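Written below as structure tokens is the structure these notes are about.
Residue numbers (our numbering), protein chains in the order written: chain R, 9 to 496; chain B, 341 to 661.
Right, dumping it as structure tokens:
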């Protein structure tokens, strides 16, 4: 059977292709191909360590604040500084607001068009001026951006489709608001330049905190009244996606959001259905099928030596493995490892008549993401009320110290768990390594021949429409792929 | 085309919003409206593509508020393809691009850099981007380089491995004649982008560009020239520790004096703030030098930047002007 290539995969960050055979109407021998390399780790070599806070931040402009925070954490370890309470809180607040808004963007703007026919806007009956204008536009112009889609089983009945489209537009406004909340703390966004290893440079006032809190309230209310119910509607309309895209059902969570009394997420791994403690030393990066020279290494010994002509290689993404296992990471892995902490999700799952294990699925990933947006909103509000405006927001690092040491920064990103490692000699960077959520999820086969998590999840996905592979797109997007991140 | 059902009053309000983007303020709107009214051509088709990019410039556009994304798309441009927004995928997406390519006359918005020495470092539609891009650029009416990578190479060009170059350099190397407007910034500020597009639509020509290919409207002065903390610089009151929240950031490594941009007046994200207003130095992200050579770096030890350096450098700079 001939190999088919799905490219370009749109509504994701970056350059991803899927190579696959289709046998008996199902995907077989799937390869996930990351197709863009910049070499961020090598860009840092010989630079001053502090530059990592600004340069590594640029790995991704979609998950923009996550690499800034992870780099800052690695640098804080390198310089051995303890953050003031406000510094920790404000880092978590930036991360929290960013992740919530990223989840909303992912569901409405990147994923919903896989399920909803946006041309249904032409029958919008309401009076909202912006939507009425958009309706005229869709009706008269039929814009290619929203009208030219691949064949598939879309929701096109106006009564069912319109809420998603109305919320798509409403969510755009919220993203702008979330961005202004981030700009209050970060000066601007994408890429807040106030994030430093010891906290943030911004002066914090009651007025600023109140403005942020007001925005977070609006976003949280959207999550409760629209985002979560819309995900549940999709789940009810497409129940087959509780089974499609299950993958290995292995998950990894580093823990995180530790700045309040109790951590929001506790670390842990799920392997073959069993939960175990997380041990960072069990992580290695395999490169058997990646365009690099060398061999499998840990994050503290790994190198990045590009070799595009390497035989057998098919992706710029490396293959992280935990104790030899391909692991899924994302809101799903954090939520699954911490499932018993909050009974609201189990109630939702009972309402949907699904067991906990069904979270490992295309729909389960969307639901975990929406649920995470809910609990992060509560976390951010608590954290905002804990910031003390009379206390410092930052502890400076001493730039005159010539440091020869290492620092590890573990953090969370919208798409899963994030690791930055820095090593310096005589005050200059000698090694930098990032293992990013989409590196885990979209990795190619390893030297043992084990496919990466998404390759595994796509295996046996049904193909019912001849052109465009809509089903594959749904499974792929449930992981919220970020290719700039995965390769960096 | 602009929605003709809009009343003239609504239309003028809309124009004044757009005119404000161009830095001209409300009084410009009547002139602007007339110019808009004269346009009979359709909204220009636009193809958006990314190279060695992070999508931050697109995300910046998504956050835009004046105009916000949907009105921008429904009234100003006809965005045919965008990798992060198009509902199409795979061959359906390629068909859209190919159809436009055959028709020609579109604006190409390009984000990111292009790897020339290691072409395998960026692929599109199973081809090297550096090859695929040739016809897309050639058939375009104009190219908008979105962000610093597309304008000058930016961060990808800081790594010699891939031989990353800007789209402007690509056009030059390939001997193409498509005009390029650069909107540098890491990321691009959405106002500068929508404003440039609005100017083009209103006057049917590209705005005046400086010697580096940037619209003078947005990049005519340095951040330093318009900085709210300039009085502290003049009095040589610089902070050397971030616990101090209001003084000049020069000694922390501020690149405002050498970076052309209107951040202090335009600000970011619904005019909420900008870097110096949030007590962090300008890193010069719109500067062709961004992210700065290894030795210079982004930040420096404040103890090693002597206060009198300010005056010496400022004197040299003023003499040059």
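We treat Cβ as the ideally placed atom computed from N, Cα and C, and that holds for glycine.
From a predicted model like this one, the values you see are computed outputs, not experimental measurements.
What did DSSP end up calling residue i once you bin it into helix, strand or coil?
{"i": "residue 405(B)", "result": "strand"}
{"i": "residue 454(R)", "result": "coil"}
{"i": "residue 587(B)", "result": "coil"}
{"i": "residue 293(R)", "result": "strand"}
{"i": "residue 412(R)", "result": "coil"}
{"i": "residue 582(B)", "result": "coil"}
{"i": "residue 495(R)", "result": "helix"}
{"i": "residue 48(R)", "result": "helix"}
{"i": "residue 606(B)", "result": "helix"}
{"i": "residue 380(B)", "result": "Reliability fails at residue 380(B), whose pLDDT of 39 lies under 50, so the model's placement of it is uncertain and the value that follows must be treated cautiously. Residue state, collapsed to three classes: coil."}
{"i": "residue 68(R)", "result": "coil"}
{"i": "residue 26(R)", "result": "strand"}
{"i": "residue 418(B)", "result": "strand"}
{"i": "residue 440(R)", "result": "strand"}
{"i": "residue 327(R)", "result": "strand"}
Based on Cα-Cα distance, which residue from the options lies nearest to residue i?
{"i": "residue 408(B)", "options": "484(B), 440(B) and 609(B)", "result": "609(B)"}
{"i": "residue 448(B)", "options": "417(B), 471(B), 569(B) and 587(B)", "result": "417(B)"}
{"i": "residue 246(R)", "options": "348(R), 131(R) and 372(R)", "result": "372(R)"}
{"i": "residue 271(R)", "options": "387(R), 295(R) and 192(R)", "result": "387(R)"}
{"i": "residue 86(R)", "options": "41(R), 61(R), 73(R) and 65(R)", "result": "61(R)"}
{"i": "residue 612(B)", "options": "296(R), 313(R), 344(R) and 185(R)", "result": "185(R)"}
{"i": "residue 437(R)", "options": "130(R), 74(R) and 59(R)", "result": "59(R)"}
{"i": "residue 399(R)", "options": "88(R), 165(R), 214(R) and 324(R)", "result": "214(R)"}
{"i": "residue 444(R)", "options": "258(R), 421(R) and 469(R)", "result": "421(R)"}
Which chain B residues are close to residue i, counting only those with a beta carbon under 9 angstroms from its beta carbon?
{"i": "residue 174(R)", "result": "Near residue 174(R) there are no residues of chain B at all, since even the closest Cβ is about 12 angstroms away, more than 9 angstroms."}
Is the shortest distance between the beta-carbon of residue i and the beta-carbons of chain B less than 9 angstroms?
{"i": "residue 456(R)", "result": "no"}
{"i": "residue 210(R)", "result": "yes"}
{"i": "residue 450(R)", "result": "no"}
{"i": "residue 132(R)", "result": "no"}
{"i": "residue 424(R)", "result": "no"}
{"i": "residue 316(R)", "result": "yes"}
{"i": "residue 106(R)", "result": "no"}
{"i": "residue 4(R)", "result": "Outside the displayed range of chain R (9 to 496) lies residue 4(R), so it cannot be described from this structure."}
{"i": "residue 447(R)", "result": "no"}
{"i": "residue 73(R)", "result": "no"}
{"i": "residue 58(R)", "result": "yes"}
{"i": "residue 156(R)", "result": "yes"}
{"i": "residue 302(R)", "result": "no"}
{"i": "residue 377(R)", "result": "no"}
{"i": "residue 404(R)", "result": "yes"}
{"i": "residue 298(R)", "result": "no"}
{"i": "residue 86(R)", "result": "no"}
Start and end of the beta strand (DSSP E) containing residue i?
{"i": "residue 428(R)", "result": "424-433"}
{"i": "residue 12(R)", "result": "12-14"}
{"i": "residue 450(B)", "result": "447-451"}
{"i": "residue 388(B)", "result": "385-390"}
Anything in chain R within Cβ reach of residue i, meaning under 8 angstroms, just list it in chain order.
{"i": "residue 431(B)", "result": "475 and 476"}
{"i": "residue 467(B)", "result": "Within 8 angstroms Cβ-Cβ: nothing; residue 467(B) doesn't reach chain R, min ~10 angstroms."}
Using a Cβ cut-off of 7 angstroms, pull out every chain B residue sitting near residue i, in sequence order please.
{"i": "residue 55(R)", "result": "634 and 637"}
Since residue i meets chain B, which of its residues come closer than 8 angstroms, beta carbon to beta carbon?
{"i": "residue 68(R)", "result": "394, 395 and 396"}
{"i": "residue 21(R)", "result": "394, 395 and 424"}
{"i": "residue 50(R)", "result": "499 and 501"}
{"i": "residue 352(R)", "result": "Correct list: empty, because the minimum Cβ distance to chain B is about 30 angstroms."}
Taking the alpha helix (DSSP H) that residue i belongs to, which residues open and close that run?
{"i": "residue 93(R)", "result": "93-113"}
{"i": "residue 214(R)", "result": "214-230"}
{"i": "residue 490(R)", "result": "Counting along the chain, residue 490(R) falls outside any alpha helix (DSSP H), and DSSP gives it neither H nor E."}
{"i": "residue 166(R)", "result": "166-194"}
{"i": "residue 356(R)", "result": "351-359"}
{"i": "residue 556(B)", "result": "556-559"}
{"i": "residue 155(R)", "result": "152-155"}
{"i": "residue 63(R)", "result": "60-63"}
For residue i and chain R, any beta-carbon pair shorter than 9 angstroms?
{"i": "residue 380(B)", "result": "Confidence at residue 380(B) is low in this model, with a pLDDT of 39, below 50, so its placement is unreliable and the value that follows should be read with caution. Closer than 9 angstroms: no."}
{"i": "residue 427(B)", "result": "yes"}
{"i": "residue 464(B)", "result": "yes"}
{"i": "residue 534(B)", "result": "no"}
{"i": "residue 484(B)", "result": "no"}
{"i": "residue 595(B)", "result": "no"}
{"i": "residue 573(B)", "result": "no"}
{"i": "residue 450(B)", "result": "no"}
Does residue i come within less than 9 angstroms of chain C when only Cβ atoms are used?
{"i": "residue 547(B)", "result": "As a matter of chain content, chain C is missing from the structure shown, whose protein chains are R and B."}
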